[in-house]
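**Student:** I'd like to ask some things about the structure below.
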Amino acid sequence: MSTAAHPAHHPLQLAVARGLYGAVAGIGGGIVFGILMAVMGMLPMVAMLVGSDNAGVGVVVHLVISAILGVGFGLVAPFTQFWPLLGAGVVYGAIWWVLGGLLLMPAGLGMPVFQLGAMAMWSLLGHLLYGIVTAAVLYGFRHRVGHS
74 MSTAAHPAHH
84 PLQLAVARGL
94 YGAVAGIGGG
104 IVFGILMAVM
114 GMLPMVAMLV
124 GSDNAGVGVV
134 VHLVISAILG
144 VGFGLVAPFT
154 QFWPLLGAGV
164 VYGAIWWVLG
174 GLLLMPAGLG
184 MPVFQLGAMA
194 MWSLLGHLLY
204 GIVTAAVLYG
214 FRHRVGHS
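The opening position of the sequence shown corresponds to residue 74 in this note's numbering, with each subsequent residue numbered one higher.
Listed below in structure tokens is the structure:
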């Protein structure tokens, strides 16, 4: 049948679906990472990105960022098999650790960038967990609804 008969297979609709699934998957990964951030007392620092020091604001900011990054992952991760998708999640988490944890966040807060220490290692762990959980949730969506 033609793609007109199956609107779910239209390229734009597939991209929207992949982005939405990625956003939800990113929130799942963000919740897991957020728990680690809460334990480490880092949520007030995240809130500082929007001019607050409230941990609740930090949670919201963190989950919004997680959803946005999840959209990106949903759009760029081509894998539908579990292990390749999980591997892509690990790589994606590591990339965002460098870009977000070591560069953008400290720069946005007027702190030195690319500082490696104990907190950076916890941040790496969190970003890797984010990538793993986001990939696992995305895998579930892709196999539940049949989208790649």
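Backbone N, C-alpha and C fix where the C-beta goes; we use that ideal spot for every residue, glycine too.
Taking Val163 as the reference, give the member of Leu198, Gly173, Gly190 and Leu148 with the closest Cα.
**Tutor:** Comparing Cα-Cα distances from Val163 to each of Leu198, Gly173, Gly190 and Leu148, the minimum goes to Leu198.
**Student:** Between the beta-carbon of Phe214 and the beta-carbon of Ala98, is there less than 8 Å?
**Tutor:** Result yes, Cβ atoms of Phe214 and Ala98 sit closer than 8 Å.
**Student:** So, helix, strand or coil for Met192, using DSSP?
**Tutor:** Helix.
**Student:** What are the boundary residues of the alpha helix (DSSP H) that Trp156 is part of?
**Tutor:** Start and end: Phe155 to Trp169.
**Student:** Can you find the residues in the same chain that come closer than 6 Å, C-beta to C-beta, to Ala77, ignoring five residues on each side of it along the sequence?
**Tutor:** At Ala77, the pLDDT of 42 sits below 50, so the modelled position is not reliable; the number obtained from the coordinates is stated separately. Around Ala77: no qualifying Cβ.
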